[in-house]
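Below: one structure, written as structure tokens.
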Amino acid sequence: MKKRNKPSGGGANWMDTYGDLVTLLLCFFVLLYSISTVDQAKWVQLVKSFNPNADQVSQIVENTEIDANDEVPGGVDVDEFDDLFESLKEAVEQADMSGEIDLFKGDGYTFITFQDNVFFDGDSAIIKEQGMDVLAQFASIMSGVKDSVKEVQILGHTTQADPNVPNEPESDRVLSAERAARVASFIQQRTEVSPDKIVSVGYGQFRPIAPFDTPENRAKNRRVELLITKSDAVEHSLEEYYQEMNKIAE
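Residues 1 to 250 (my numbering) are what the sequence shown spells out, left to right.
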């Protein structure tokens, strides 16, 4: 009578293999998460779309200054500083604001001039909705080159209302400084560029680009400018940037 061979052990070996697979998958997803970034505003919008009545979204959203209802346009993929100008130019064209926003590209910098009416009403420092849309798009684009940005300067300017009489110093300085600060704050909340690289300056009426003699020239002086410089670029004075831009325009 033949003896039956006893089955060899290891009938549950598949559980070991399965456990290893799950562990590897977990490690894979942890790796993906560690190299990813979370867009806070978009995360809020995503969660709200699943549960519109939610009082709290998640502890992952820590920046309470960004309103959950804010509409942040999707950015353009930019990974090189030299591509920044073209991406910003494309955003301006899509917004149909080429006549109100001027862009210049120089060696290691991009200079943007916004006519005053893009962001603000007269004698106001409250950013208009149209201006918010443009700034949000620009901030998103700048995130793509955050590591190569040396500095983002926001420059606020007024004009001399009466060609023969200088503006009242305090209101002139405060208005230009507050406008620049509000634009800087708005950008900071919507970009991945480090906050210490974002600087706001108010020049009042003292950096004009046109005479004060006509309403058209005075309108040119009312403006907000963005100067975005590359990390390894040689820094120039504001007057030198203006001179170079005039050469480019000619």
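In this text, a Cβ means the ideal position worked out from N, Cα and C, and glycines have one as well.
In this text, all values refer to a predicted model and were calculated from it rather than measured experimentally.
Query                                                                                                              : Result
The alpha helix (DSSP H) enclosing G131, as first and last residue numbers                                         : 129 to 143
Same chain only: Cβ atoms within 7 angstroms of I198, ignoring 5 sequence neighbours per side                      : V152, A184, I187, Q188
Those residues which DSSP pairs with H157 across a bridge                                                          : G204, R223
Contact belief for I126 with F120 at Cβ below 8 angstroms, rounded distance in angstroms                           : 7 angstroms
Spatially closest choice to K105 from L135, S87, V118, by CA coordinates                                           : S87
Reduced DSSP category for E100 - H, G, I as helix; E, B as strand; rest coil                                       : coil
Endpoints, alpha helix (DSSP H) assigned at F119                                                                   : 116 to 119
Member of G204, D162, Q160, K230 whose CA lies at the smallest distance from the CA of A177                        : G204
Pick from L84, V118, D83 that is closest to G99, judged by C-alpha positions                                       : V118
Stretch-stretch touch, CB-based, cutoff 8 angstroms, three pairs: the region 207 to 214 with the region 138 to 153 : no
Neighbour-count burial assignment, K230, 16 or more Cβ in a 10 Å radius                                            : buried
Classification of S58 by the beta-carbon crowding that lies within 10 angstroms, buried from 16 upward             : With a pLDDT of 42 at S58, under the threshold of 50, the predicted position of this residue should be treated as unreliable, though the coordinate-derived value follows. Exposed.
Between the CA atoms of P166 and V134 - distance to the nearest angstrom                                           : 32 angstroms
Residues that DSSP places opposite F111 in a beta bridge                                                           : F104, L227
Which listed residue (E168, Y242, Q115, P163) has its alpha carbon closest to that of A219                         : Q115
Best match in V92, T110, Y18 for proximity to F85 [C-alpha to C-alpha]                                             : T110
Secondary structure of E65, DSSP reduced to three states                                                           : Model confidence at E65 stands at a pLDDT of 43, short of 50, so the residue's coordinates are unreliable; what they give is reported in the following sentence. E65: coil per DSSP, three-state reduction.
8 angstroms contact criterion, which V145 and E80 should meet: CB distance rounded                                 : 7 angstroms
Beta-carbon spacing of D172, T191 below 7 angstroms                                                                : no
A249 beta carbon less than 7 angstroms from that of D108                                                           : The identity of residue 108 in the sequence shown is Gly, whereas the question assumes Asp. No, the Cβ-Cβ distance between G108 and A249 is not below 7 angstroms.
Residue of V193, G122, E170 minimising C-alpha distance to S140                                                    : V193
Proximal residues to L227 (C-beta, below 6 angstroms), its chain only, five neighbours per side dropped            : F111, Q153
Classification of Q243 by the beta-carbon crowding that lies within 10 angstroms, buried from 16 upward            : exposed
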